[in-house]
Amino acid sequence: MNSREGDEQARTTAEAVARRSYGKLIAFLAARTGDVAAAEDALSEAFAAALADWPRKGSPASPEAWLLTVARRKIIDSYRGQRRHEVAGEELQVLTEGLGAAAIAAEAPNQIPDQRLALMFVCSHPAIEPGIRAPLILQVILGLDAKAIASAFLTSPAAMSKRLVRAKEKIRQAGIPFRVPEREELPSRLDAVLDAVYAAFAEGWTDPAGTDVARRDLTEEAMFLAQLVTELLPEEPEALGLLALMLHAEARRRARRGASGEYVPLAEQDLALWDLRMIDEAEALLRRASALGVIGRYQLEGALQSAHVDRYRTGRTNWAEVVRLYDALFALSGSPVVAINRALAVAELQGASAALNAMPDVSTDARLAEYQPYWAARAELLVKTGSNEEARRAYEIAIGLERDPAVRRFLQKRQSALASVAEGE
Amino acid sequence: MKYILMAYVNEGAWPKMTKAEQEQGAAAYMAYGEALQKAGALVGSNRLRPTSSATTVRIADGKSQVLDGPYVDSKEQLGGYFLIDVPDLDAAISWASRCPAAAHGAVEVRPIWEM
Numbered sequence: 002m003n004s005r006e007g008d009e010q011a012r013t014t015a016e017a018v019a020r021r022s023y024g025k026l027i028a029f030l031a032a033r034t035g036d037v038a039a040a041e042d043a044l045s046e047a048f049a050a051a052l053a054d055w056p057r058k059g060s061p062a063s064p065e066a067w068l069l070t071v072a073r074r075k076i077i078d079s080y081r082g083q084r085r086h087e088v089a090g091e092e093l094q095v096l097t098e099g100l101g102a103a104a105i106a107a108e109a110p111n112q113i114p115d116q117r118l119a120l121m122f123v124c125s126h127p128a129i130e131p132g133i134r135a136p137l138i139l140q141v142i143l144g145l146d147a148k149a150i151a152s153a154f155l156t157s158p159a160a161m162s163k164r165l166v167r168a169k170e171k172i173r174q175a176g177i178p179f180r181v182p183e184r185e186e187l188p189s190r191l192d193a194v195l196d197a198v199y200a201a202f203a204e205g206w207t208d209p210a211g212t213d214v215a216r217r218d219l220t221e222e223a224m225f226l227a228q229l230v231t232e233l234l235p236e237e238p239e240a241l242g243l244l245a246l247m248l249h250a251e252a253r254r255r256a257r258r259g260a261s262g263e264y265v266p267l268a269e270q271d272l273a274l275w276d277l278r279m280i281d282e283a284e285a286l287l288r289r290a291s292a293l294g295v296i297g298r299y300q301l302e303g304a305l306q307s308a309h310v311d312r313y314r315t316g317r318t319n320w321a322e323v324v325r326l327y328d329a330l331f332a333l334s335g336s337p338v339v340a341i342n343r344a345l346a347v348a349e350l351q352g353a354s355a356a357l358n359a360m361p362d363v364s365t366d367a368r369l370a371e372y373q374p375y376w377a378a379r380a381e382l383l384v385k386t387g388s389n390e391e392a393r394r395a396y397e398i399a400i401g402l403e404r405d406p407a408v409r410r411f412l413q414k415r416q417s418a419l420a421s422v423a424e425g426e
Numbered sequence: 008m009k010y011i012l013m014a015y016v017n018e019g020a021w022p023k024m025t026k027a028e029q030e031q032g033a034a035a036y037m038a039y040g041e042a043l044q045k046a047g048a049l050v051g052s053n054r055l056r057p058t059s060s061a062t063t064v065r066i067a068d069g070k071s072q073v074l075d076g077p078y079v080d081s082k083e084q085l086g087g088y089f090l091i092d093v094p095d096l097d098a099a100i101s102w103a104s105r106c107p108a109a110a111h112g113a114v115e116v117r118p119i120w121e122m
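Residue numbers (our numbering), protein chains in the order written: chain A, 2 to 426; chain B, 8 to 122.
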């Protein structure tokens with residue numbers, strides 16, 4: 002083998018390991034030191050060492066074990082060196098002993114314990130600022146860099162990077178434990194993990210056409226994380242519900258855009274473009290979740306998706322059921338977003354005037370004034386009641402608030418259709 | 008790890024309480040301290056006199072400035088602390104939630120910077 006082929010092979014092996022085991026290796030190292038940043042630094046140095054070493058000596062039989070051994074040594078060296086003033090001798094000994102387990106694990110690489118779930122609980126600990134939990138999970142479990150995360154969450158890379166560093170410092174200094182919470186606190190702590198995973202998914206979803214690669218990747222990564230949680234906690238109905246919800250949304254991705262990239266609302270989608278395998282999988286997950294007997298937000302949202310899909314597939318109207326599901330969801334969340342969607346379902350059952358009365362009131366919740374779906378929903382309902390002028394104004398605001406150009410064009414089309422009707426009158 | 012649990016309470020409420028209420032309140036803190044001790048978690052604790060007794064000192068332009076009163080004026084004031092030694096933040100949070108101050112004020116949990 003010439004040296005270029007060796008380089009190539011080493012890189013391919015390293016990339017495969019990174020994809021397969023990055024989060025597992027970080028979780029293993031961080032759980033033993035409490036220091037996520039040190040684990041990341043050490044593992045990145047270990048990967049660099051691998052790219053230098055493997056082309057010459059050939060890839061090792063167990064690349065994970067090799068990386069773990071090198072990373073462990075790097076961590077101990079760095080604690081002995083630069084951080085000496087912060088780490089007492091006794092603490093260093095504890096660290097070294099803890100990492101001793103890394104050496105043992107390295108001999109039996111298939112038995113590297115999977116502590117990714119514990120690490121996800123660390124990242125979404127109540128002591129960590131809620132807004133940084135999703136970015137933190139994406140970085141430490143999946144190895145996404147701050148730049149990619151910043152672009153998906155629409156912030157500057159420098160600001161995102163600073164917040165990630167601060168969160169990791171907090172984990173280390175405050176002594177947040179690396180473990181899956183006990184039974185009694187598991188449900189509330191799991192909610193925080195699921196919320197973070199869903200936030201990552203939602204950020205990816207703001208680019209449904211998949212033209213922005215960073216965002217498109219995020220939905221796939223978030224689905225991977227949700228899958229991981231359901232594998233590690235197979236009896237948690239909300240985790241199953243979240244994965245089902247994501248699968249339902251993902252199943253209709255292709256149908257949400259027309260041939261020329263225009264936005265296609267659910268009612269006008271081509272059913273042939275739906276991914277039936279994903280829908281079946283989502284339905285099976287929801288059945289499994291409901292058999293466990295504890296309802297929750299994500300199961301209800303998954304059930305709503307399921308009801309919408311079922312209506313279009315069977316042609317059987319089920320608006321009463323949909324309104325009931327929104328009622329249950331609203332009782333749980335009290336969210337004005339839920340109230341808006343509920344009002345749209347009410348319109349199908351009782352007409353647009355009843356729906357307008359059921360809409361949340363912008364005067365009692367100022368956030369609605371900046372929420373595009375509120376204005377778009379209002380506009381749709383106003384059109385149906387014949388209040389064209391008010392509808393036109395509501396569309397105007399919705400258009401001004403939308404950041405997706407395809408949705409903006411869709412709203413503009415609706416608005417101008419309205420104008421021509423008005424002229425025709 | 009060592010943590011300090013700082014109890015922030017509205018110190019103005021104390022003098023307005025009846026004697027029986029004050030006794031009950033003090034007993035709750037005593038019981039809490041004892042529970043910490045029994046669990047082997049207590050390193051030290053103290054109750055502070057009201058902020059009306061506080062004096063704030065700083066050096067500006069090479070001269071010491073001494074001011075009557077606390078450093079920050081807030082709705083709730085630091086009324087005491089518990090220094091504890093527990094395995095991790097979750098254990099510290101669990102003790103903080105049992106502190107009577109958590110129910111009528113707030114408890115700030117801070118890790119100790121070990122030298």
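Note that beta-carbon positions come from the ideal geometry of N, C-alpha and C, so glycine has one too. Only a predicted model underlies this, so the values are computations on that prediction, with no experimental measurement involved.
Tell me, which residues are paired with residue i by DSSP?
{"i": "A67/B", "result": "K70/B"}
{"i": "I11/B", "result": "L90/B, R117/B"}
{"i": "S52/B", "result": "F89/B"}
{"i": "R258/A", "result": "Y264/A"}
{"i": "V16/B", "result": "Q84/B, G112/B"}
{"i": "D75/B", "result": "T62/B"}
Would you mind giving the Cβ-Cβ distance between residue i and residue j, rounded to the nearest angstrom? I have them listed as a contact below 8 Å.
{"i": "W102/B", "j": "A48/B", "result": "7 Å"}
{"i": "K385/A", "j": "A348/A", "result": "7 Å"}
{"i": "G297/A", "j": "E236/A", "result": "13 Å between Cβ atoms; not a contact."}
{"i": "L248/A", "j": "A283/A", "result": "4 Å"}
{"i": "L301/A", "j": "L330/A", "result": "4 Å"}
{"i": "Q10/A", "j": "S60/A", "result": "7 Å"}
{"i": "V323/A", "j": "A308/A", "result": "5 Å"}
{"i": "Q270/A", "j": "R253/A", "result": "7 Å"}
{"i": "D95/B", "j": "I280/A", "result": "Between I280/A and D95/B the Cβ distance is about 43 Å, and since that is not below 8 Å, they are no contact."}
{"i": "P361/A", "j": "L350/A", "result": "P361/A to L350/A, Cβ: 18 Å. No contact."}
{"i": "V126/B", "j": "C106/B", "result": "The first residue shown for chain B is 8 and the last is 122, placing residue 126/B beyond what the model contains."}
{"i": "L120/A", "j": "F179/A", "result": "7 Å"}
{"i": "S125/A", "j": "A197/A", "result": "5 Å"}
{"i": "R117/A", "j": "A28/A", "result": "5 Å"}
{"i": "G112/B", "j": "V16/B", "result": "4 Å"}
{"i": "A290/A", "j": "G242/A", "result": "5 Å"}
Measuring alpha carbon to alpha carbon, tell me which residue in the options is nearest residue i.
{"i": "L12/B", "options": "F89/B, T63/B, A67/B", "result": "F89/B"}
{"i": "L233/A", "options": "E263/A, V194/A, M247/A", "result": "V194/A"}
{"i": "S189/A", "options": "A223/A, P127/A, F225/A", "result": "P127/A"}
{"i": "I172/A", "options": "A149/A, L137/A, F202/A", "result": "L137/A"}
{"i": "G387/A", "options": "L120/A, L357/A, E9/A, F331/A", "result": "L357/A"}
{"i": "S417/A", "options": "D405/A, I400/A, M121/A", "result": "I400/A"}
{"i": "A98/B", "options": "A108/B, L85/B, V116/B, G86/B", "result": "V116/B"}
{"i": "S59/B", "options": "G76/B, N17/B, G69/B", "result": "G76/B"}
{"i": "V123/A", "options": "L187/A, P158/A, G82/A, V71/A", "result": "L187/A"}
{"i": "A31/A", "options": "L69/A, G352/A, E130/A, A197/A", "result": "L69/A"}
{"i": "E221/A", "options": "W67/A, L145/A, Y375/A", "result": "L145/A"}
{"i": "R255/A", "options": "E130/A, S152/A, A273/A, G242/A", "result": "A273/A"}
{"i": "G34/A", "options": "A367/A, T14/A, K75/A", "result": "Reading the sequence as shown, one finds Thr at residue 34/A and not Gly. Considering only alpha carbons, the answer is K75/A."}
{"i": "E263/A", "options": "F411/A, E41/A, V37/A, L419/A", "result": "F411/A"}
{"i": "S336/A", "options": "E390/A, L402/A, D366/A, L243/A", "result": "D366/A"}
{"i": "D8/A", "options": "A39/A, L44/A, A49/A", "result": "A49/A"}
{"i": "L244/A", "options": "S261/A, L226/A, P406/A", "result": "L226/A"}
{"i": "V338/A", "options": "S364/A, V310/A, L191/A, Q373/A", "result": "Q373/A"}
{"i": "A250/A", "options": "E41/A, R57/A, Y199/A", "result": "Y199/A"}
{"i": "E83/B", "options": "Q44/B, A27/B, E18/B", "result": "E18/B"}
**Report entry** Members of the region 173-190 of chain A that neighbour chain B once the beta carbon cut-off is set at 7 Å
**Finding:** Q174, A175, G176, I177, P178
Query - Runs of alpha helix (DSSP H) wholly within the region 331-394 of chain A (minimum 4 residues, chain order) - result: 337-351, 353-359, 373-385
Requested in this report: Determine which residues of the region 117-142 of chain A have a Cβ less than 9 Å from any Cβ of chain B, and write them out in chain order.
Outcome: H126, P127, A128
Report task. Below 7 Å between beta carbons is the criterion; list the residues of the region 106-118 of chain B that meet it against any residue of chain A, in chain order. Result -> P118
Requested in this report: Mind listing, in chain order, the continuous alpha helix (DSSP H) runs of no fewer than 4 residues lying wholly within the region 171-207 of chain A?
Outcome: 187-206
Query raised in the report: Whole alpha helix (DSSP H) runs in the region 41-80 of chain A with 4 or more residues, listed along the chain?
Result: none
Query raised in the report: Enumerated in chain order, which unbroken segments of the alpha helix (DSSP H) with a length of 4 residues or greater are wholly contained in the region 279-307 of chain A?
Result: none
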